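Here is the structure we will look at.
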Amino acid sequence: MRPSYARNVVRCVLVALTSLVMLGLSSRAGAESPFGLPKRVPWNSKRLMGSPEPPLPYTVEKTFTKLTWKTPIYLADEQGTDHLWVIQEGVAAEQGSRIVRIKDDPDTTESELILELPKYLVYSVCFHPDYLSNGYVYLFRNGPRSAPERMNQIIRYTVDRQAPHKIVPMSEELILEWQSSGHDGGDMTFGRDGMFYITTGDGSSDSDTYVSGQTLNDLLGSVLRIDVNKRVGKQPYAVPSDNPFISTPGARPEIWAYGLRNPWRMGCDAKTGQIWVGTNGQDQWETAHLIGRGENYGWSVYEGSHPFYLERKRGPTPHVLPTIEHSHAEFRSLTGGVVYYGDKLPDLNGAYIYGDYGSGRIWGMKHDGQRVHWHRELADTPLQIASFRVNHHGELLIVDHGGGIVRLVPAPKEEAVAPFPTLLSQTGLFASTAEHKVDPAIIPYSVNAPGWTDGARAEHFMAVPGELKVGFDSGRGWEFPDHTALVQSLSLEREPGNAESRFRVETRVMLRQQGEWAGYSYRWNEEQTDATLVTKNGEDAEFAVGGPESQAGARQKWRFPSRSECMACHSRAAGFVLGLTGSQLNREHEYDGIRDNQIRALDHIGLFSKALPKAPKDLDTLIDPRDPTQDLERRARTYLQVNCSVCHIEAGGGNAKMVLALSAPREQMGLLDARPQHDTFGISDAMLVAPGDPERSALLRRLSIRGRGQMPPLVTNRVDEQAVTLMRDWIAQLKPQHTFVQAWEMGDLLPELDHLKSGRSIDTGRKAFRDTGCIQCHRFEGEGGSVGPDLTGVGRRLDTHNLLESILLPSKVIADEYAGVLLETADGAVVTGRVEREDDQVVVLRPPGAADLLSVEKANILQRRRSELSNMPLGIVNVLRKEQVLDLIAYLMSDPAPAKSSTK
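Next up, the structure:
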């Protein structure tokens, strides 16, 4: 064979092989699934910009930016100097607070450590009016932080008058202390009268667990007024002779005013001497008060001006309404402020400036001593406002717990922009609003686990401007650029199950501008042609929907959220963006007839700023909690993740100590076999979740109701019945930690009672006190509830035999103040329970062990008498072994505290 011929043969073979390879590749490429989004269409609309509200007159700017701040909580002007003292909170439970001194110069680069208090949280610092001569400085501290029983303490230190002006070693002196393990108050000020004012909370983390708000026999829930310039014997202060309760039998004479839940920040008007206090509300209302001598602000009979626990005994003076009141639609955690008399903000001269820790909003109010004559919002900020203070020039400084100190400054004049769209058709989001057809640049998406929206069907869209990129995250909300709009349209069905009867109710828009998100709602008209922007305070409506309740149809209540309600869920702690996570979008979506994995499609058009960490099939995926084929535990945990964890996370808005994120191990959720911190709804031996016992689970109760105590707390009027069933099934199959042991009788335990002084485990007894739920109703060792008698010092008034009898036979002896009533009605019913409230028309009872209140018309009552049945359930210790019961008795007998007057 000639060489040239051989070369030609080889060349032909290679060409043929190459063609075959290319044909195979082409065939495989043709078989690859098409992308749901072939290319990215830029969204360049400029119509959705600005704000529908008039621009606020002020904004904030950071100051002292050359220093590093870690969770600052308070600052104070060091009198007679050009320095400030700043308190920084320790993050972990065992870390203490640090107090540093800085020069009052925004460009300062140095800070000096003044004091570090391991294991204590310092809330505030206050300098004596004669500080330059006596060097006295006062600290309000609480701790030890990890202890179950914590104390509030007012401590005085002396600062050396000679440079470098350090705190004198061994100068610490305890002025006043009281037990407090939750709502601690936390502020101090000297009034113009020279007296020292102190705020105290109700001491609990519950709904006034100790019922201290209306009592005068302790220091809780009050503003105190003492004279630290005088001593009375060993007491390092005197009580001013004009204090209101100095002659009231049994009252603490230090009390100046009372009925406050958690008076977090206090300020004294430098010109008028008026004392202002801002206090944190619980369920619905945040308040601020112009404090008056002997006044009662109502907690916990009232929350602000609204009834709370009307059945509770009121204090000796009338209920005084708050000077300022904000609903939770506006505020979440009010931070009291100061009255401003500086030079840089002349329009605010004489204004009380305060704000909200939760929303970052700052408000101002002017009061002439009789009434409010000016009140308005000043700034909308991203701050976590811990305190307002003024420096030695009288200028306002704001402490941001998120990490900095800021100033309030006039807002720059904004460039003229087109009016914010008041109609959905004006937003540039829709090509046809009437057809609900979005602009081609708007990307539709769907989620694996939809949140509860009162039964409405949700459609989701994202509008990302131009060619800007999005930061992908599998578990957290994605990072979007400015001018992004996230859209959700909600529709109801007039005939449940009939898609043809569907009508649009609302379209919600989350808009990011200048690094901050804001939420807006548009209400659809009856013609379904367009939607109108809802006002900033939201709206309420009712819609006719068919259903089994009525042949003529039912009415469904609907809440269009306020701007603040939008951001209560879309909070900084939750990452603002809730439904747009990798695990939520890791699913197929139909794009104009093509089904494709959403993450694959979005990655194909170059939406993400970085390459995906894994292929979509290897990324996390949420399940649909409504899918009965999925694992029950996973379904329940996913529902809590989507609907509840936005608040119940670290640094979230939920005020219960639980973490409901799916990533949290079950044992770290603080949910199973955990006692409710708030309302138990009358459930006997209630737990947040009682494994194996749905009826004892407060979580299930909250999901099952609408009204006070409901969950979710905002923007929902309809119970998610599927979720209730899901949670009931999940709780029912959880394995109880406590099982029945024996129905204990006196004779089973009497022989061992004489030997309790030795060989018993106090720690085991303490655990039994908690595990059986005794702590939920009874106070002991400084903690516990108030539904039943205070057991402090019970070992000094009962012997072991009587104490055991009171546990095994709770109805044998019932103190009058804890007795229920028995009502016989005209229709032959006999009902018993504890009176929750009563008026001229009805008696409202809480039956033993029942979650629901029972209302009985007085006109229908034939007979009323004292019930002989205790509210304490029979057999509460039947889940304990004999040794545990004996340890419980030994624990209660061991309490060294003095006895309380009431026993049962």
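The sequence shown maps to residues -31 to -1, 1 to 873 in mature numbering (1 follows the signal peptide of the UniProt record, and there is no 0).
Note that the Cβ used here is the ideal one computed from N, Cα and C, for glycine as well.
Keep in mind that this is a model prediction, so the values were computed, not measured.
Of the listed residues the options, nearest to residue i (C-alpha basis)
i	options	result
Val416	Asn566, Thr40, Arg765, Lys203	Asn566
Ser191	Val848, Ile167, Lys203	Ile167
Pro26	Met841, Val811, Glu383	Glu383
Ser181	Pro291, Arg528, Asp689, His152	His152
Glu752	Phe738, Arg765, Gly764	Phe738
Ala523	Leu718, Thr178, Leu461	Leu461
Thr304	Arg345, Asn249, Ala320	Asn249
Thr501	Ala798, Val359, Phe529	Phe529
Pro351	Arg330, Ala387, Tyr271, Gly19	Arg330
Ala116	Thr769, Tyr89, Gly163	Tyr89
Glu428	Val478, Phe389, Lys586	Val478
Asn121	Glu142, Asp99, Gln148, Trp343	Gln148
Asp809	Val208, Gly802, Ser824	Ser824
Ile322	Ser458, His297, Pro23, Ile354	Ile354
Trp254	Tyr491, Val289, His297	His297
Rounded straight-line distance, which links the Cα of residue j to that of residue i
i	j	result
Ile574	Phe449	16 Å
Trp245	Gly236	5 Å
Thr286	Leu189	16 Å
Met(-10)	Glu1	A caution first: Met(-10) carries a pLDDT of 43, below 50, which makes its placement in the model unreliable, though a value can still be read off. Straight-line Cα distance between these residues: approximately 15 Å.
Leu709	Glu146	According to the sequence shown, residue 709 is Phe rather than Leu. So the two alpha carbons sit approximately 43 Å from each other.
Trp54	Arg200	28 Å
Leu849	Gln711	8 Å
Val811	Leu229	29 Å
Pro790	Arg677	The sequence shown places Val at residue 790, rather than the Pro named in the question. So the alpha carbons of these two residues sit roughly 25 Å apart.
Gly466	Asp423	15 Å
Asn686	Arg671	13 Å
Val197	Cys535	47 Å
Gly(-8)	Phe4	Low per-residue confidence applies at Gly(-8): pLDDT is 43, beneath 50, and the placement is therefore not dependable, though the value from the model is reported in the following sentence. One C-alpha to the other measures close to 21 Å.
Asp325	Glu826	42 Å
Trp527	Glu475	10 Å
His362	His747	51 Å
Arg125	Ile367	25 Å
Val628	Met157	33 Å
Ala543	Gln610	11 Å
Glu837	Ser780	6 Å
Arg556	Ile674	33 Å
Ile783	Glu774	12 Å
Gly661	Asp759	30 Å
Trp268	Gln183	7 Å
Asp74	Asp51	8 Å
Which residues DSSP lists as bridging residue i, in chain order
i	result
Ser471	What sits at residue 471 in the sequence shown is Arg, not Ser. Paired residue(s): Glu462.
Arg426	Ser460
Leu591	The partner list for Leu591 (beta bridge, DSSP) is empty, contrary to what the question assumes.
Pro232	Thr248
Trp332	Tyr323, Glu346
Leu52	According to the sequence shown, residue 52 is His rather than Leu. Bridge partners of His52: Glu47, Lys72.
His558	Asp565
Tyr126	Val106
Tyr27	Pro379
Val407	Phe399
Nonlocal neighbours in the same chain, by C-beta distance under 7 Å from residue i, ignoring five residues either side
i	result
Leu317	Tyr309, Gly333
Asp572	Leu581
Glu805	Glu280, Val813, Leu814, Arg815, Leu822
Gln679	Arg671
Phe472	Ser460, Leu461, Arg463, Gln497
Leu101	Gln48, Gly49
Val375	Val29, Glu30, Lys31, Thr32, Leu352, Ile367, Asp369
Arg606	Leu631
Proximal residues to residue i (C-beta, below 8 Å), its chain only, five neighbours per side dropped
i	result
Leu831	Glu793, Thr794, Ala795
Asp596	Arg604
Ile83	Trp54, Ile68, Val69, Arg70, Lys135, Ile136
Ser519	Residue placement at Ser519 is poorly supported in this model, since its pLDDT is 41, which falls under 50; the coordinates still yield a value, given next. None.
Proximal residues to residue i (C-beta, below 6 Å), its chain only, five neighbours per side dropped
i	result
Arg834	Leu791
Ala643	Leu657
| query | Is the stretch 427 to 438 touching the stretch 5 to 20 in the sense that three or more CB pairs, one from each, lie closer than 8 Å? | reply | They touch, by the three-pair rule.
| Stretch pair the stretch 438 to 457 + the stretch 647 to 666: three plus CB contacts closer than 8 Å | Judged by Cβ distances under 8 Å, the stretch 438 to 457 makes no contact with the stretch 647 to 666, as fewer than three pairs qualify.
| query | Hey, is the stretch 717 to 726 in contact with the stretch 851 to 862, meaning 3+ C-beta pairs nearer than 8 Å? | reply | The stretch 717 to 726 vs the stretch 851 to 862: in contact.
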